[in-house]
Amino acid sequence: MDSMMLTHYLIIGAILFCMGLIGFITRRNLIIMFLCTEMMFQGVSLSLVAFSRYHGNVTGQTFVIFVLTIAAAEAALALGLVVLLFRRKRTLDANAWSSLKG
Amino acid sequence: MGLPAASSIPGWGESAGLWIKRRPMTAALYIASVVGAVALYMMMPRRGYTPVRFGFLLGACSLGGLWLFLGRELPAITGLPDAAAGYYYLFGAIAIAAAARVITQSKPVYSALWFVMVVLAVAGLFLTLEAEFMAFAMVIIYGGAILVTYVFVIMLAADSGDASDEDTPEYDRLPREPVAAIAVGFLMLSLLLSVFAMHSEDGSTFPQNYQAQSESDAFVITNELTQRPVTELEAKIKARNPDAVMPADLAKKDKLDNIEKVGLDLFKSHPLGLELAGVILLVAIIGAVVIAKKRVEDDALIQEEG
């Protein structure tokens, strides 16, 4: 795999990351906001695996396993919190919690 | 190194045309970013008519143009068929199109389903990178476990009462600050991409720190594993099932599979990380149970009583 092909994979990784970022800012639904952070994880994972292939070193893939672990733990906790917030306000709108700004 | 070199920014005396001629790849990436931003803005839900299809087409054109420009030196474009490169374009297009739908779709369940598409496409990209284990782990963990949790919560937290109503709630239909968000997102994207372009245009490649580990790892493993004594358990398993692959057999192979490499790296080089990941998962389980058990009073009820 040459440097040009690596650049191609990094471009897709960067696009996925930035799309997730845009989604996180624009979406007002708490669940979809978390879904967009998962999309950012996808972009980062893709870059890591591409670099791993480029260097011929599997440590990048090992790191993606840890990223997956954290993503799973984060999804379990964040979604539990979202359900808790929903039971309180009866809405998923992130703006409903703007009072947390202080 | 994070920013484009000062010479890549057009100076006052230098005409833009000269700059484009000198840095064609950076210019192409910037143009594609701007067109992509416009395309994504068109797809964003809004009051009145949303030209989703036109935005989609525009985005496809910008991405396709960018790829044609960038890939003109790749064997896939110049004739010599390279299967992995071909699948790269297929899965990459699916991933980006599905990602655009995730953030522009106003119905949460459809967003989650499009995200499954993103996961599948990224798994396909992993396959082209010869990372088979990661591809299947991605599909099983993301597509199987995490997405099911998401869909569960979306169903659980749906506004009851007007379930039959076709209209989605307002906070799903109208994005928050779409122009500013897209501007920021694509500014960041074009900065990231210009770093990649800088590498190519300056004739430098990404530094390769680990030269051809695939040849050396067999050597290292042979050295370490052949000297290691066969344990009692291993001998027992081997006696019962001659086909079982034991460390001593691994040392005899001259080329390791992806999953064998990942497993060796995970358990040999990162045992502490593995333990910590287990602890984090345990803490997450306990935390999720505690959060779920907690009784929450409805704000509206509290106000009625008070």
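As given, the protein sequences belong to chains A and B, one line each in that order.
Per this note's numbering: the first sequence ends with 104, consecutive numbering throughout.
Per this note's numbering: the second sequence ends with 1050, consecutive numbering throughout.
Glycine included, C-beta positions come from ideal geometry on N, C-alpha and C.
TODO: Would you identify the three-state DSSP class for residue 1065 (chain B), choosing helix, strand or coil?
DONE: Residue 1065 (chain B) is absent from the structure shown; chain B starts at 745 and stops at 1050.
Task: Simplified DSSP assignment, three categories, for residue 1001 (chain B) - done: coil
Task: Among B:935, B:975, B:879, nearest to residue 12 (chain A) - alpha-carbon criterion - done: B:935
Open item on the list: Would you say residue 907 (chain B) lies against chain A (beta-carbon separation less than 9 Å)?
Closed with: Low confidence applies to residue 907 (chain B): its pLDDT is 49, below 50, so where it sits in the model is not reliable enough to give any reading.
TODO: Output, in chain order, the set of chain E residues within a Cβ distance shorter than 9 Å of residue 784 (chain B).
DONE: This model lacks chain E altogether, as its protein chains are A and B.
Task: chain A residues whose Cβ lies nearer than 7 Å to that of residue 1038 (chain B) - done: 86
Open item on the list: If the cut-off is 8 Å on Cβ atoms, which residues from the segment 60-75 of chain A count as contacting chain B, listed in chain order?
Closed with: 60, 61, 63, 64, 66, 67, 68, 70, 71, 72, 73, 74, 75
Open item on the list: Which of the three DSSP states is assigned to residue 95 (chain A) in this structure?
Closed with: strand
- [ ] Give the interface partners of residue 932 (chain B) over in chain A, defined as CB-CB distance under 8 Å, in chain order.
- [x] 20, 23
Task: Of the residues B:807, B:835, B:897, B:885, the one placed nearest residue 869 (chain B), counting alpha carbons only - done: B:835
Open item on the list: Counting C-beta neighbours from all protein chains within 10 Å, is the total for residue 32 (chain A) 16 or more, i.e. buried, or is it exposed?
Closed with: buried
- [ ] Could you please tell me which residues of the segment 93-104 of chain A, in chain order, have their CB closer than 9 Å to any CB of chain B?
- [x] 93, 94, 95, 96, 97, 98
Task: Reduced DSSP secondary structure (H/G/I, E/B, other) of residue 821 (chain B) - done: Confidence is the limiting factor: at residue 821 (chain B) the pLDDT is only 49, short of 50, which leaves the residue's position unreliable and the question unanswerable from this model.
TODO: Count the other C-beta atoms from every protein chain shown that fall within 10 angstroms of the C-beta of residue 18 (chain A), then say buried if there are 16 or more, exposed otherwise.
DONE: buried
Task: Rounded C-alpha distance that separates residue 771 (chain B) from residue 1003 (chain B) - done: 40 Å
TODO: Measure from the C-beta of residue 39 (chain A) to each C-beta in chain B and report whether the shortest distance is under 9 Å.
DONE: no
Task: Inter-stretch contact (C-beta, 8 Å, three-pair minimum) for the segment 770-787 of chain B and the segment 802-811 of chain B - done: yes
Task: Listed by chain order, chain A residues near residue 1017 (chain B) by CB distance under 7 Å - done: 68
Task: CB contact check: residue 768 (chain B) to chain A, cutoff 9 Å - done: no
TODO: Note down the Cα distance separating residue 1012 (chain B) from residue 808 (chain B), rounded to an integer number of angstroms.
DONE: 43 Å
Open item on the list: When you compare the CB of residue 790 (chain B) with every CB in chain A, is at least one pair closer than 9 Å?
Closed with: no
TODO: Kindly say whether residue 794 (chain B), judged by its beta-carbon, lies nearer than 9 Å to any beta-carbon of chain A.
DONE: no
- [ ] Would you mind listing the alpha helix (DSSP H) stretches within the segment 867-938 of chain B that are 4+ residues and don't spill past its ends, in chain order?
- [x] 876-882, 891-900, 914-917
Open item on the list: Given this structure, state the Cα-to-Cα distance separating residue 841 (chain B) from residue 987 (chain B), to the nearest angstrom.
Closed with: 44 Å
Task: Buried or exposed (CB count within 10 angstroms, at least 16 for buried), residue 822 (chain B) - done: In this prediction, residue 822 (chain B) scores a pLDDT of 46, lower than 50, which makes its location untrustworthy; no coordinate-derived value is stated.
- [ ] Count the other CB atoms, across all protein chains shown, that sit within 10 Å of the CB of residue 48 (chain A); report buried if there are 16 or more and exposed otherwise.
- [x] buried
Open item on the list: Whole angstroms are fine: how far does the CA of residue 87 (chain A) sit from the CA of residue 1036 (chain B)?
Closed with: 11 Å
Open item on the list: Run through chain A and tell me which residues come within less than 9 Å of residue 999 (chain B), C-beta to C-beta.
Closed with: Within 9 Å Cβ-Cβ: nothing; residue 999 (chain B) doesn't reach chain A, min ~12 Å.
Open item on the list: Determine, for residue 882 (chain B), whether the minimum Cβ-Cβ distance to residues of chain A falls below 9 Å.
Closed with: yes
Task: Residues that residue 1005 (chain B) contacts on chain A, provided the C-beta gap is smaller than 7 Å - done: 60
TODO: Indicate whether residue 880 (chain B) and residue 889 (chain B) have their beta-carbon atoms separated by less than 9 Å.
DONE: no
- [ ] Taking only the alpha-carbon atoms, compute the straight-line gap between residue 50 (chain A) and residue 1008 (chain B) and give it to the nearest angstrom.
- [x] 18 Å
Task: Beta carbon of residue 37 (chain A) nearer than 9 Å to that of residue 894 (chain B) - done: yes
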